[in-house]
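To keep things clear, I will list the structure first and then write my remarks on it.
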């Protein structure tokens, strides 16, 4: 998330600009959900009970917009990345439960940085499986990546992207 913070600070430098961006995207998301509800209203093959369940899903969709709030909090951002400082070998041992990986960390070398970044990425993925109850508002990925790990899209396709998310996740 560190690179996301750099992006956010550059593109949306003030809390007002961040709030405005989120409000704009939330308005688009709400419009899409209103349109989806309208489409469901017109389906004559769905029973009233089925529509009620579908409306409930619409009403309870979690709307993660732009980035997690903690990214803009220096203390929380530092704490999130603190595990990187443990050292690559230690992180990899914790992830894969290995006694001896034979990895020596050369302080601050490019190779070390790459290994630490890879180990951190693996650690965060595996940690999510054992961290306890599921966090329904967790973004599960950096802001520059879209759901299902498609390529990043520009703002001109935000409606298409949001509609795609809604369709992919709605029937689960």
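Numbering (our numbering), first residue to last: 59 to 230.
C-beta: ideal position from N, C-alpha, C; glycine also.
Computed from a prediction, not measured in an experiment: that's the story for all the values here.
By alpha-carbon distance to residue 123, the top candidate from 68, 106, 171, 82 is 82. Counting the other Cβ atoms within 10 Å of the Cβ of residue 92 gives fewer than 16, which makes it exposed. Under the three-pair Cβ rule at 8 Å, the segment 70-81 counts as touching the segment 115-134.
If you check the CB distance, residue 142 and residue 135 do not come in under 8 Å.
Taking the CA atoms as reference points, residue 70 sits about 14 Å from residue 61. If you look at residue 98, you'll find it in the alpha helix (DSSP H) that goes 73-99.
Rounded to the nearest whole angstrom, the C-alpha separation of residue 97 and residue 105 is 14 Å. C-alpha of residue 85 to C-alpha of residue 138: approximately 30 Å in a straight line.
Residue state for residue 119 is assigned as coil, using DSSP reduced to three classes.
With respect to the 8 Å criterion, residue 66 and residue 94 are not classified as neighbours on the basis of their beta carbons.
Cβ contact annotation for residue 112 (same chain, cutoff 6 Å, sequence separation greater than five): 98, in chain order. The continuous alpha helix (DSSP H) containing residue 174 extends over residues 168-188.
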